[in-house]
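One structure below.
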Amino acid sequence: MQAGKKTVTVLGCGVSGLTTAICLQRAGYEVEIVTRELSPFTTSDKAAAIWFPFAAGPADKVEQWSRDTYLEFEKLSKNPDSGVYLVELFLLAEDVNELEPGWSLSLPSSSWRVAEPAELPAGYETAFAIKIPLIETPIYLPFLVSRFQESGGTIHMRTVTCLEGLREPGRLVVNCAGLEARTLTVDAELYPIKGNIITGKIQGDEPWLRCLVDDAGENRLAYVLPRKRTGDIILGGTAMEHDDSPEFGPSEVSGIYERCLKLIPELKDLPVISMDAGLRPGRKEIRLGWDAELKGLIHNYGHGGSGFTVAWGCGRAVLELIEKAGA
Ligand SMILES: Cc1cc2nc3c(=O)[nH]c(=O)nc-3n(C[C@H](O)[C@H](O)[C@H](O)COP(=O)(O)OP(=O)(O)OC[C@H]3O[C@@H](n4cnc5c(N)ncnc54)[C@H](O)[C@@H]3O)c2cc1C
Numbered sequence: 175m176q177a178g179k180k181t182v183t184v185l186g187c188g189v190s191g192l193t194t195a196i197c198l199q200r201a202g203y204e205v206e207i208v209t210r211e212l213s214p215f216t217t218s219d220k221a222a223a224i225w226f227p228f229a230a231g232p233a234d235k236v237e238q239w240s241r242d243t244y245l246e247f248e249k250l251s252k253n254p255d256s257g258v259y260l261v262e263l264f265l266l267a268e269d270v271n272e273l274e275p276g277w278s279l280s281l282p283s284s285s286w287r288v289a290e291p292a293e294l295p296a297g298y299e300t301a302f303a304i305k306i307p308l309i310e311t312p313i314y315l316p317f318l319v320s321r322f323q324e325s326g327g328t329i330h331m332r333t334v335t336c337l338e339g340l341r342e343p344g345r346l347v348v349n350c351a352g353l354e355a356r357t358l359t360v361d362a363e364l365y366p367i368k369g370n371i372i373t374g375k376i377q378g379d380e381p382w383l384r385c386l387v388d389d390a391g392e393n394r395l396a397y398v399l400p401r402k403r404t405g406d407i408i409l410g411g412t413a414m415e416h417d418d419s420p421e422f423g424p425s426e427v428s429g430i431y432e433r434c435l436k437l438i439p440e441l442k443d444l445p446v447i448s449m450d451a452g453l454r455p456g457r458k459e460i461r462l463g464w465d466a467e468l469k470g471l472i473h474n475y476g477h478g479g480s481g482f483t484v485a486w487g488c489g490r491a492v493l494e495l496i497e498k499a500g501a
């Protein structure tokens with residue numbers, strides 16, 4: 175540790191921990207990460223993952239953090255090593271009244287348009303075509319780890335059983351433990367929202383390869399997300415509240431196929447390479463703030479289905495709290 179440098183321990187090496195750690199490093203803090211798992215074994219590795227505010231609150235803060243994150247992803251998309259790039263996503267609705275574009279309309283007007291009828295899958299009445307960041311997790315998470323380490327960050331692999339044990343005089347702690355925060359902080363408001371994805375391999379440059387999401391109607395939740403760097407294609411999804419089971423059940427598999435085939439029938443012969451289930455850290459409101467009892471401890475967890483979407487906004491909000499307190 176360099177004398178006089180302000181030091182922080184970040185608990186967790188998913189997207190929240192890594193992004194927070196990098197935000198703090200950029201501001202001159204010396205940061206270490208303590209974690210039980212690294213990529214590819216975190217929940218963040220199981221994400222779809224697109225910039226898409228979903229199952230996270232409170233709405234006003236999520237909108238602000240999402241917008242901040244969008245801008246950072248736009249910058250990252252200029253670096254091909256990041257695994258982040260902008261795609262046109264069709265946000266579909268079977269009925270025009272189902273589409274609730276609130277957050278999409280808060281983006282710059284050049285980022286979205288109403289889709290042409292010829293662009294709609296059968297059975298859909300309308301869609302917004304929105305320019306959003308797609309994040310290829312197998313590239314992006316190792317990219318963040320490299321960025322963090324190249325800037326002098328250290329990672330210590332261990333299981334933390336008590337947050338108090340991480341605190342040392344003069345050192346701040348940021349808790350980015352995702353769903354595990356529910357035992358570490360005894361937080362009854364944190365609960366699992368199980369999600370499943372099927373990963374297939376793209377066979378060629380098919381004209382039907384595009385990003386589609388139905389988050390609104392009878393066919394929800396359905397999404398198809400081709401990844402152009404790895405050549406994978408992600409089919410989803412599910413959002414089962416309070417479901418802790420790690421398995422990918424047969425009904426979940428058939429449900430995802432059924433819903434996604436409605437979007438793109440050509441997917442029926444897709445070669446599958448993996449099926450994953452992950453537990454989103456669900457909470458009515460993201461917990462981002464100082465702990466009321468333990469001095470020097472900040473929480474940043476409970477991002478639900480939006481961990482990537484709000485990551486940079488939340489990381490900066492943690493930094494602002496620290497700077498404001500003069501810590
Ligand atoms: C199927 C699916 C699809 C998704 N799609 C999207 C999407 O498209 N867009 C989006 O924005 N979000 C999406 N999400 C949500 C997103 O994945 C989560 O919000 C995000 O991963 C949460 O990140 P995190 O860093 O807070 O937690 P995690 O990724 O769970 O990381 C927690 C870290 O804390 C460590 N840790 C926990 N407990 C301890 C302990 N006791 N001691 C030491 N270390 C510990 C873990 O090892 C890990 O490193 C999706 C999630 C799923 C499951």
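One rule links them: number in this note's numbering = place in the sequence shown (from 1) + 174. Even glycine gets a Cβ: it sits at the ideal position worked out from N, Cα and C. Only a predicted model underlies this, so the values are computations on that prediction, with no experimental measurement involved.
In the DSSP assignment, I496 falls within the alpha helix (DSSP H) that extends over 485-498. T412 and G231 have their C-alpha atoms spaced approximately 19 Å apart. Of the heavy atoms belonging to ligand 1, none sits nearer than 7 Å to the Cβ of I372. At a cut-off of 4 residues, the continuous stretches assigned as alpha helix (DSSP H) that sit fully inside the region 206-279 are 233-250, 276-279. Where Y203 is concerned, there is no enclosing alpha helix (DSSP H), because DSSP gives it neither an H nor an E.
When distances are taken from the beta-carbon of V208 to the heavy atoms of ligand 1, the shortest one is below 7 Å.
For the pair of segments examined, the region 360-377 was found to touch the region 438-452: the number of CB pairs separated by less than 8 Å reaches three. The secondary-structure analysis by DSSP pairs R287 across a beta bridge with A303. Per the DSSP secondary-structure output, G452 pairs in a beta bridge with G369. Counting along the chain, the unbroken alpha helix (DSSP H) around P312 starts and ends at 311-324. Within the same chain, Cβ atoms closer than 6 Å to the Cβ of R454 are found at I367, G369, G478, G479, the five residues on either side in sequence being excluded. In the DSSP assignment, D406 is bridged to K375. Exclusion of the five residues before and after I313 leaves D255, S256, G257, R403, T404 as the residues of its chain whose Cβ lies within less than 8 Å of its Cβ.
Cβ contact annotation for L493 (same chain, cutoff 7 Å, sequence separation greater than five): C197, L198, A201, in chain order. Rounded to whole angstroms, the separation of the alpha carbons of L185 and C350 is 5 Å.
Per DSSP, the continuous alpha helix (DSSP H) segment holding C434 begins and ends at 424-437. Here the C-alpha atom of G339 lies approximately 37 Å from the C-alpha atom of K249. Ranked by Cα distance from R332, the options T209, G487, A222, W239 are led by T209.
Cα atoms of K436 and A396: separation of roughly 9 Å, rounded to the nearest angstrom. Taking the Cα positions, F302 is about 5 Å away from V288. Annotated three-state conformation of D443 is helix, per DSSP.
In the DSSP annotation of this structure, A466 is not part of any alpha helix (DSSP H), being labelled neither H nor E. H416 is classed as exposed because its beta carbon has fewer than 16 other beta carbons within 10 Å across all chains shown. F226 counts as buried, since at least 16 other C-beta atoms from the protein chains shown sit within 10 angstroms of its C-beta. Membership of T357 in any beta strand (DSSP E) is not indicated; the residue belongs instead to the alpha helix (DSSP H) covering 355-358. Ranked by Cα distance from R241, the options N474, A499, E467, W486 are led by W486. Residue nearest to G500 within the set G470, T483, V484, T335 is G470 (criterion: CA-CA distance).
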